[in-house]
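In this text, residue positions in the sequence shown follow this note's numbering: the first is 648, and each later residue adds one. Using N, Cα and C, we set each Cβ at its ideal position, and we do this for glycine too. To start, the structure under review is shown below, and the notes come after it.
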Amino acid sequence: MNKIAVSVGIALIQMMAGAAFAQTAGEADPAQAKAPPTAPTTPAERAQARKVRGATGRQAAHGPQMGEGDSIPAATPKVPRDQRKLASATSRAANAEANRAGKFPRGGSEDAPERQKH
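And the structure:
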């Protein structure tokens, strides 16, 4: 097994070395090395382009920005302590009554071990 792995590794190295040496020196074809020449712009054209870019930039600067906005949510009105205690006592009493009436299943599901009938 070891001999097979070594021989396959040597073959792979030889294949990669051939591809590495086949690469060119990085010189571009002179005919395709430069972009085609463009006509020089006039000062009026440059001024018009600046106006368009300025208008676009102003819209972007005055619009909504990333990270803007209120990251802290608005505070909710605090419920007084006596109202919280009253609500808690009411829900506890309702839960106790439902528990006495057997409305709350034990174990949470029909497959729970304590709900299984043996």
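- Taking a contact as a CB-CB distance under 8 Å, the pair A743 and F751 does not count as one, their CB atoms being some 10 Å apart.
- The continuous alpha helix (DSSP H) containing D729 extends over residues 728 to 747.
- Annotation for K750: no alpha helix (DSSP H) segment contains it, and DSSP assigns it neither H nor E.
- When secondary structure is reduced to three states using DSSP, I719 falls in the coil class, being assigned neither helix nor strand.
- In this structure, DSSP gives P711 a state outside helix and strand, which the three-state scheme calls coil.
- C-alpha of D676 to C-alpha of T685: approximately 20 Å in a straight line.
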